[in-house]
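To keep things clear, I will list the structure first and then write my remarks on it.
Residue numbers (this note's numbering): 7 to 203.
What follows is the structure, given as structure tokens:
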């Protein structure tokens, strides 16, 4: 499994720390079209690789948080939009630790979004499931967006969402070689068709 390969190989014989995240085996798909009645993708912000110098695969949220915060900041700068333009700013898999770090980094830039920053990795599991800091993996944003959040856009619960996919760039080999774990994040703005301008 991904848990044994990347995070807690059987040879480690250790308990995962509270910063650990559990890999989600999930999927989601959306169809983009030039026309239609569904929510519109109105803007994309390409992020850049940011290496905070962390090496611990048991703390991926912290490794990805600087990239997520930078992409969110860049999106607001490029678009001229204020944070309250969006009902939710959604990150992929920062989980509890990474979400807190991203909030601190954004607040230093004058961007206060604590009331609207929703992390898929923090919300895909029930808190009673004992998953340490939360969930990890591309399945987090795929399943949560394609299910829960898309439904919210279609039913009018949400009018505008900024979806920020997060990623950690590492492998078992890079970890064994003592390399750092850079992070990256890209964002797309999604809006219900009848969302006011």
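Just so it is clear, CB atoms sit at the ideal spot from N, CA and C, and this is done for glycine as well.
- With a contact defined as Cβ atoms closer than 8 Å, residue 192 and residue 53 qualify at about 5 Å.
- In the three-state scheme derived from DSSP, where H, G and I count as helix and E and B as strand, residue 198 is classed as coil.
- When DSSP assignments are scanned along the segment 32-113, the uninterrupted stretches of alpha helix (DSSP H) that are 4 or more residues long and fall wholly within it turn out to be 66-85.
- In this structure, residue 40 sits away from residue 152, with a CB-CB distance that is not shorter than 9 Å.
- For the 9 Å CB-CB criterion, residue 117 and residue 78 form a contact.
- Around the CB of residue 142, 16 or more other CB atoms lie within 10 Å, so the residue is classed as buried.
- By the beta-carbon neighbour count (other beta carbons within 10 angstroms, threshold 16), residue 197 is buried.
- By alpha-carbon distance to residue 58, the top candidate from 49, 68, 64 is 68.
- In terms of Cα proximity to residue 76, the closest of 60, 55, 94 is 55.
- Within its own chain, the residues whose Cβ lies closer than 7 Å to the Cβ of residue 101, once the five positions on either side in sequence are excluded, are 27, 67, 125, 127, 128, 139, 140, 141, 142, listed in chain order.
- Spatial neighbours of residue 85 in its own chain (CB-CB distance under 7 Å, excluding positions within 5 residues in sequence) are listed in chain order as 49.
- Taking 8 Å as the upper bound for CB-CB distance, residue 190 and residue 61 are not in contact here, some 17 Å apart.
- When secondary structure is reduced to three states using DSSP, residue 118 falls in the coil class, being assigned neither helix nor strand.
- Taking all protein chains shown into account, residue 93 has 16 or more neighbouring C-beta atoms within 10 Å of its C-beta and is therefore buried.
- Taking all protein chains in view, the Cβ of residue 31 is surrounded by fewer than 16 other Cβ atoms within 10 Å, so the residue is classified as exposed.
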